[in-house]
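Undergrad: What the sequence shown shows, in the working numbering, is residues 97 to 456, in sequence order.
Where is the CB? At the ideal position from N, CA and C, for every residue including glycine.
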Amino acid sequence: MRAAIFRNGEIVVDEMPEPKPDAGQVLVKSLACGICGSDLHARKHAHRMVELARHFPGRNPMDLSRDVVFGHEFCCEVLDCGPGTTGRFKAGTKVCSLPALLTPEGPQGIGYSNDNVGAYAERLLLSEALLLEVPNGLAAEHAALTEPLAVGVHAVAKANIRGDEVPLVIGCGPVGLAVIAALKIRGLHPIVAADYSPARRALAEKLGADVVVDPARSQPYATWAEHAQMSPEEKAARPPLQALLPALKPALIFECVGVPGLIQQVFEGAPRDARIVVVGVCMETDRSEPMLGILKELNVQYVLGYTPEEFAYSLRLIAEGQVDAASMVTATVGIDGVAKAFADLANPEAHTKIIVEPWR
Ligand SMILES: [Zn+2]
97 MRAAIFRNGE
107 IVVDEMPEPK
117 PDAGQVLVKS
127 LACGICGSDL
137 HARKHAHRMV
147 ELARHFPGRN
157 PMDLSRDVVF
167 GHEFCCEVLD
177 CGPGTTGRFK
187 AGTKVCSLPA
197 LLTPEGPQGI
207 GYSNDNVGAY
217 AERLLLSEAL
227 LLEVPNGLAA
237 EHAALTEPLA
247 VGVHAVAKAN
257 IRGDEVPLVI
267 GCGPVGLAVI
277 AALKIRGLHP
287 IVAADYSPAR
297 RALAEKLGAD
307 VVVDPARSQP
317 YATWAEHAQM
327 SPEEKAARPP
337 LQALLPALKP
347 ALIFECVGVP
357 GLIQQVFEGA
367 PRDARIVVVG
377 VCMETDRSEP
387 MLGILKELNV
397 QYVLGYTPEE
407 FAYSLRLIAE
417 GQVDAASMVT
427 ATVGIDGVAK
437 AFADLANPEA
447 HTKIIVEPWR
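(1) Give me the DSSP bridge partner(s) of A274.
(2) Who does Q204 pair with in a DSSP beta bridge?
(3) Tell me where the beta strand (DSSP E) around V429 begins and ends.
(4) Tell me where the alpha helix (DSSP H) around G365 begins and ends.
(5) I'd like the span of the alpha helix (DSSP H) that includes S293, first residue to last.
(6) Along the beta strand (DSSP E) that carries P263, what are the first and last residues, could you check?
(7) What residue range does the beta strand (DSSP E) around V213 cover?
(8) Grouping DSSP H, G and I as helix and E and B as strand, with all else coil, what is V146?
(9) Could you check if P244 belongs to the surroundings of ligand 1, using beta carbon to heavy atom distance under 7 Å?
(10) To which residues does DSSP link D420 through a beta bridge?
(11) For E173, which of helix, strand or coil comes out of DSSP?
(12) How many angstroms separate the CA atom of A217 from the CA atom of G430?
(13) L123: which of E201, D176 and L148 sits nearest, CA to CA?
(14) Straight-line CA distance for Y398 to V374?
(15) Taking three-plus beta-carbon pairs below 8 Å as touching, is the segment 413–423 in contact with the segment 300–317?
(16) On the three-state DSSP scale, how would you describe Y402?
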């Protein structure tokens, strides 16, 4: 079969052996697979990823001298069921799955592995126990957005929302957009969102942002403060000494960029007692000033991935039309278009999410 393969730091198209389902596994055809920012990071910082994986016993780091097939945001069609499966999913069924394989040695990731081929290949293996049938005749390229949306749903769940916070989303790429969509579902308003790209600000509005900020024109934290003023009742209810502090509602800041310097920028801009959720994936060493965090008593929550329940919930949100996932897809390509798509994604004006259709 054909696949877009990560080999020697580049994406190349080549033939590879046909996967054969093991016990509990299902052979599927990749219908649609999103290109994730993490894939772009992994191509650029693969060695760093391998290095960091050593801090996690039980994780199999990639061997970069061997082929890897990326692709963890997918929707597939069942082709064949392996031994020891229940046959619950008939051939032709459209499915999504967490990007993991259940093996006797424990769960193993799909997409950043030498052994578990991701969905930039024509066919791959999934664990029957993790499959979710795609409901409502939802199109594969939209069902494939389940994984990135789940990242936002999880980040918002981890924020321990009380209901009186005013959120600020820094960065409106796919991660920031997923956070905005998840905040809208939670009913937390107004949602303030900042991005330098006009196209991404427009998308942020489409997905639920109430106020969008161009950081080149105005300071996101100043705009946030304008929209976070306490009501007269809230002001009056404050204990006497707190009345000396600015009358602002609690800040909930989502860092969705993931480049060095961003966390320090958030530390500098954040108001006192802000809760900061770091969703952007920065793969380089970064520095921030602890004293800023100390003086402001900032609360930093890092997040990763999602739970199986959040994943299933995200698929339902898209299938029921509660999240306008379609607006995030800016292009579809075949296997031969993956390498160029990686380059094209560098331009936020042109693209948000590019979907790979390996069957094309
Ligand atoms: Zn991803």
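TA: Once the coordinates are examined:
(1) As a first step, residue 274 is located in the sequence shown; it is residue number 178 there, counting from the start. For A274, which the question treats as bridged, DSSP gives no partner whatsoever.
(2) Indexing the sequence shown from 1 puts residue 204 at position 108. In the DSSP assignment, Q204 forms a beta bridge with L197.
(3) Against the sequence shown, residue 429 aligns to sequence position 333. In the DSSP annotation of this structure, the continuous segment of the beta strand (DSSP E) that includes V429 starts and ends at V425 to V429.
(4) Numbered from 1 along the sequence shown, position 269 holds the residue referred to as residue 365. For G365, the enclosing alpha helix (DSSP H) begins and ends at L358 to G365.
(5) Along the sequence shown, one-based indexing puts residue 293 at 197. Boundaries cannot be given for S293, as no alpha helix (DSSP H) includes it and DSSP labels it neither H nor E.
(6) For this step, residue 263 is matched to residue 167 along the sequence shown. Run containing P263: V262 to I266, per the beta strand (DSSP E) assignment.
(7) On the sequence shown, position 117 is the one that residue 213 refers to. Per DSSP, V213 belongs to no beta strand (DSSP E) and is neither H nor E.
(8) In the sequence shown, counting from the first residue as 1, residue 146 sits at position 50. The answer is helix: DSSP assigns V146 an H, G or I state.
(9) Here residue 244 corresponds to residue number 148 of the sequence shown, with the count starting at 1. With a threshold of 7 Å, the Cβ atom of P244 counts as near ligand 1, since some heavy atom of the ligand is closer than that.
(10) Translated into positions along the sequence shown, residue 420 becomes position 324. Answer is none; D420 lacks a bridge partner.
(11) Numbered from its first residue, the sequence shown carries residue 173 at position 77. Strand, per DSSP.
(12) Locating residue 217 in the sequence shown gives position 121, counting from the first residue. Locating residue 430 in the sequence shown gives position 334, counting from the first residue. In this model, A217 and G430 are separated by some 10 Å (Cα to Cα).
(13) By 1-based counting over the sequence shown, the position of residue 123 is 27. Nearest C-alpha to L123: D176.
(14) For the purposes of this step, residue 398 is identified with residue 302 of the sequence shown, where counting begins at 1. For the purposes of this step, residue 374 is identified with residue 278 of the sequence shown, where counting begins at 1. Straight-line Cα distance between these residues: approximately 5 Å.
(15) Counting C-beta pairs with one atom in each stretch, the segment 413–423 and the segment 300–317 have three or more that are closer than 8 Å, which means they touch.
(16) Residue mapping note: residue 402 aligns to position 306 of the sequence shown, counting from 1. In the structure shown, Y402 falls within a coil segment according to DSSP collapsed to helix, strand and coil.
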